[in-house]
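Chemist: Take a look at the following structure, please.
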Amino acid sequence: MIEVQCQCHGRLNELLPPSRRHRPFTHRLKQVMSLQQLLIPLRVPHPEVDLALINGDSVPLSRNIRNGDRIHLYPDTGDLDDPSLVLLRARPLQRPRFILDVHLGRLARRLRLLGLDTWYRNHMDDRPIIRLARLQGRTILTRDRGLLQQPEVTHGYYMRATSPDRQLHEFLARFEPWPWLNPFSRCSRCNGLIERLPESEVRRRVPPRLYLEFRDFFRCSCCDQIYWQGSHYERLRRYIDRLGV
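Residue 50 in our numbering sits at position 59 of the sequence shown, and the numbers go up by one each step.
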């Protein structure tokens, strides 16, 4: 039996049961395993850990756990500028792009509303999500810790909140995507870019009552959904204003 002492820091405590938060706790292993393997029973996804200290030394995820090890896990390195530190999280992606699992459809629509490149399908299994995330350079957002604990996952985040509005506030606080926000630039249905509907197509595609009431019409460049700035747009605009965007 291998016995180690662990402590999580910062927002990693949100992933632990209350009895293990903000304090050292003992964890027992039946066999030798790597630090990355240890994170699975701790229920801490490795993409959320940026620094691990074992007995005071910065170590990689591949480091094997030994009896008596004292393990500290950190979500961020903060302002530390030490070349000897082994940073565990993959380098940040150049542009924030996301892929959401089947549990986060309502959050996906909100992110698209803000203009963020957000891939979502309500029938995708874990393996296709992981492949697409790696192929297109997307961060996985999920309510499934098991998905993030797959070894191929490099960028991911476990959403703590359960309601869509709380999830959106959590997302904005965690990722701070302010320079990339462009409300109403993406289709909430399919993630395609919104473009102005050419005047030559307006009369043919827009019902007469709408044509008489509104001047500007738009369409999705992918699914061809038509949009206009009616009462629904005004409600969404007020919602975005409340977010401070």
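Built from N, CA and C at the ideal position, the CB exists for glycine as well. Treat the numbers as computed from the prediction; the structure is a model and nothing was measured.
#1: Within this structure, are the beta carbons of Gly147 and Pro38 separated by less than 7 Å?
#2: Which residue's Cα is closest to the Cα of Met24: Arg125, Ala43, Ile56, Glu(-6)?
#3: State the Cα-Cα distance for the pair Leu126 and Arg86, rounded to the nearest angstrom.
#4: Throw me the rounded Cβ distance for the Val50 and Leu3 pair, which I believe falls under 8 Å.
#5: Report buried or exposed for Leu184, applying the criterion of at least 16 other Cβ atoms within 10 angstroms of its Cβ.
#6: Identify which residue in Arg226, Arg61, Asp67 has its Cα closest to the Cα of Arg165.
#7: Whole angstroms is fine: what's the gap from Pro174's alpha carbon to Gln216's?
#8: Is Phe208 helix, strand or coil by DSSP?
#9: Please determine, among Val(-5), Ala43, Cys178, Arg54, the residue with the shortest C-alpha to C-alpha distance to Asp103.
#10: Got a sec? Which residues, its chain only, sit under 8 Å from Val193 by beta carbon, not counting five neighbours each side?
#11: Around the Cβ of Cys211, are there at least 16 other Cβ atoms within 10 angstroms (buried) or fewer (exposed)?
#12: Rank Leu139, Leu163, Arg180 by C-alpha distance to the C-alpha of Cys214 and give the top, closest one.
#13: Where does Ser49 sit, in a helix, a strand or coil, going by DSSP?
#14: Leu33: which of Ser53, Arg97, Leu91, Gly137 sits nearest, CA to CA?
#15: Below 7 Å between beta carbons: does that hold for Thr145 and Ala43?
#16: Determine the burial state of Met150: buried for a count of at least 16 other Cβ atoms within 10 Å of its Cβ, exposed for fewer.
#17: Could you pull the start and end residues of the beta strand (DSSP E) that Gly147 belongs to?
#18: Quick check: Tyr65 and His18, are their CB atoms within less than 7 Å of each other?
#19: How many angstroms separate the CA atom of Ala99 from the CA atom of Arg12?
#20: Assuming Pro8 and Leu139 are in contact, meaning their beta carbons sit under 8 Å apart, how far apart are those beta carbons, in whole angstroms?
#21: Where do the N-terminal and C-terminal ends of the beta strand (DSSP E) with Val(-5) fall, by residue?
#22: Using CA atoms only, rank isn't needed, just tell me which of Arg97, Leu52, Arg88 is closest to Leu79.
#23: Can you tell which of Pro168, Ser191, Asp48 has its C-alpha closest to the C-alpha of Gly106?
#24: My parser needs the alpha helix (DSSP H) runs of 4 or more residues fully inside the region 33 to 120; what are they?
#25: Check each candidate in Ile31, Thr133, Arg229, Glu186 and name the one with the smallest Cα separation from Ala152.
#26: Rounded to the nearest angstrom, what separates Tyr224 and Ile231 at their Cα positions?
Modeler: This is what the structure gives:
#1: yes
#2: Ile56
#3: 14 Å
#4: Not a contact, Cβ separation roughly 16 Å.
#5: exposed
#6: Asp67
#7: 17 Å
#8: strand
#9: Reading the sequence as shown, one finds Arg at residue 103 and not Asp. Of the candidates Val(-5), Ala43, Cys178, Arg54, the one whose C-alpha sits nearest the C-alpha of Arg103 is Cys178.
#10: Tyr202, Phe208
#11: buried
#12: Arg180
#13: strand
#14: Gly137
#15: no
#16: buried
#17: 147 to 149
#18: no
#19: 30 Å
#20: That belief does not hold up - the Cβ atoms of Pro8 and Leu139 are roughly 18 Å apart, past 8 Å.
#21: -7 to -1
#22: Leu52
#23: Pro168
#24: 96 to 104
#25: Thr133
#26: 10 Å
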